[in-house]
Structures are given as C-alpha cells and as structure tokens.
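Chemist: Take a look at the following structure, please.
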Amino acid sequence: MKRILLATGNKFKLAQMQYVSDYFKIGVRVLPARDIFGSLAKFDKLGKTPKDVALRGAKMIYGKVKRPIVTEETFLEVKSLNNFPGIKTIPFVKTKGRKALLAMMAGEDKRDAVMKSAVTFINVKGEVQTFTHKIEGRIAEEERWNKGPLWVSPEEKDWGGWFNAVFIPKGKKKTLAELTAEQLIQHGYREKTFKKSLEAIKKEPEPEI
C-alpha cells in the first residue's frame, strides 16, 4: 500500500482522509507528517483563501523535508458576517465554539454561507497539485447532530465536526453533522478534495518516507 504524509495535528482529519481512501479502495495509507518530522511539518496559516494557505504550507514543508507532502485547509465563510470566520475557522470553533457563531447571527435572516476546502499535494520531484471544492448552504438556527465519527459530529468532543452541526447544505434540511460519514462522501466539502488528491498520489511512484 502506498503511503503519504499529511501535515496536520488533527488526528480526525487524518482519519477522515483515510476513510476516503478506504471507501474508494484507492489503496493509500495516510500518515501524520509530524510523527516523522516533528515541528518541521508545521506551518503558519497565512492567506486569503484555503488554496493560499494549503499551497503555502505545502511548499514550506516540502522545502524543509524534501518528501511528498499533503496539506489541507478549510474555511467557513458567512456572507452576512463579511465572510467571517474565514481563515479563523478552526481556531474560532475550538476556542469560541459554534454557539458563539449562532449568537453573532441572532435575529439575522440572511444566513447564506459557504464551506471551502483546498488540498495541496507535492510529489517527490516537487511538482505541485492543488484541489479545491466548496459547498453552498446556510447557517442553522441551532446546533443539530447525530452520533458519528469526530470529523462528522460533536457527539464525543465539543469541537468535533467543526461547523458541521450548524451548516445546512443547499437543498437539504439536515446539517452536515446529521449525515453519516458515507453520506458526506457525496455532500461534504473535504471528501472530494481528499479523493482527488489520493487519486493523484496513487499514480505516483512509491516514495521513500
């Protein structure tokens, strides 16, 4: 089985990417880059878009470790909040929580929002590929979720699923956190970028990790 290093401190993002690989039988094992390279696999999250952040981070890490690497960045952009939280999506949900976002939107009728994901893969030669995907939807009036893995639902951890429990995809009535991991293969935001990157990785020669 081929292996790839994902630069993240989030075990559940690792599990999510591995789930996608297993679901589609792509045959790639996803490993935490920090377990091998420590702080060399960390990067500052800077940029105006998820693509900016993922691309900059991957280039920074590849420049230090010279190994194939994958980075991923997610933004939630709420239109009535001038696209906030944007680059602050993950730190906001971990420190303030989804309820803080709902409080900011109390009484707001315009609840349109977009979830965006970008994945950058750099191969052993330093060749770069970036994959992006977004889903449009709206912010719910309250948190709603069902039991599920931590990349889907906050059933076990308050920040589990990030903003899934308050994001309703366009044309749907349920939040992302009310769907199953299998349903999110079709309706989620990271799943498609992970799939495209894994398919690209599968085509590469087996690198030394």
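The opening residue of the sequence shown carries number 46 in this note's numbering; numbering runs sequentially from there.
Idealized CB from N, CA, C, for every residue including glycine.
Since this is a predicted model, take the numbers as computed values, not measurements.
Are there three or more Cβ pairs, one per stretch, closer than 8 Å when the segment 238-247 is compared with the segment 63-73?
Modeler: They touch, by the three-pair rule.
Chemist: Would you kindly work out how many angstroms separate the C-alpha atoms of Lys179 and Glu236, rounded to a whole number?
Modeler: In the sequence shown, the residue the question calls residue 179 occupies position 134. In the sequence shown, the residue the question calls residue 236 occupies position 191. Distance between the alpha carbons of Lys179 and Glu236: 11 Å.
Chemist: Please report the straight-line C-alpha distance between Met219 and Lys111, rounded to a whole angstrom.
Modeler: Residue mapping note: residue 219 aligns to position 174 of the sequence shown, counting from 1. Residue mapping note: residue 111 aligns to position 66 of the sequence shown, counting from 1. Note that residue 219 corresponds to Lys in the displayed sequence, not to Met. Answer to the nearest angstrom: the Cα atoms are 43 Å apart.
Chemist: Got a sec? Which residues, its chain only, sit under 7 Å from Trp196 by beta carbon, not counting five neighbours each side?
Modeler: As a position in the sequence shown, residue 196 is number 151, starting the count at 1. Hits under 7 Å: Phe57, Lys58, Ala60, Gln61, Gly206.
Chemist: Kindly list the residues whose CB is nearer than 6 Å to the CB of Thr116, restricted to its own chain and excluding five residues on each side of it in sequence; keep chain order.
Modeler: As a first step, residue 116 must be located in the sequence shown, where it is residue number 71. Hits under 6 Å: Ala52, Ala99, Gly102, Ala103, Thr165.
Chemist: Going by DSSP, which residues form a beta bridge with Lys161?
Modeler: Translated into positions along the sequence shown, residue 161 becomes position 116. In the DSSP output, where bridge partners are listed per residue, Lys161 has Phe120, Lys179.
Chemist: Would you call Lys139 buried or exposed, if buried means 16 or more other Cβ atoms sit within 10 Å of its Cβ?
Modeler: Residue numbering aside, residue 139 sits at position 94 when the sequence shown is read from its first letter. Answer is exposed; the Cβ neighbour count stays below 16.
Chemist: DSSP state of Pro113, grouped into three classes?
Modeler: Locating residue 113 in the sequence shown gives position 68, counting from the first residue. Note: Pro113 maps to coil in three-state DSSP.
Chemist: Considering only C-alpha positions, which residue in the set Tyr68, Asn55, Val65 is nearest to Arg79?
Modeler: Along the sequence shown, one-based indexing puts residue 79 at 34. Ranking the options by Cα distance to Arg79, first place goes to Asn55.
Chemist: Helix, strand or coil: which one does DSSP assign to Phe129?
Modeler: Taking the sequence shown and counting its residues from 1, one reaches residue 129 at position 84. Phe129 falls in the strand class under three-state DSSP.
Chemist: Look at the alpha carbon of Tyr68 and the alpha carbon of Pro194, and state the distance between them as a whole number of angstroms.
Modeler: Taking the sequence shown and counting its residues from 1, one reaches residue 68 at position 23. Taking the sequence shown and counting its residues from 1, one reaches residue 194 at position 149. Answer to the nearest angstrom: the Cα atoms are 15 Å apart.
Chemist: Gly182 and Lys215: beta carbons closer than 8 Å?
Modeler: One-based indexing of the sequence shown puts residue 182 at position 137. One-based indexing of the sequence shown puts residue 215 at position 170. Yes.
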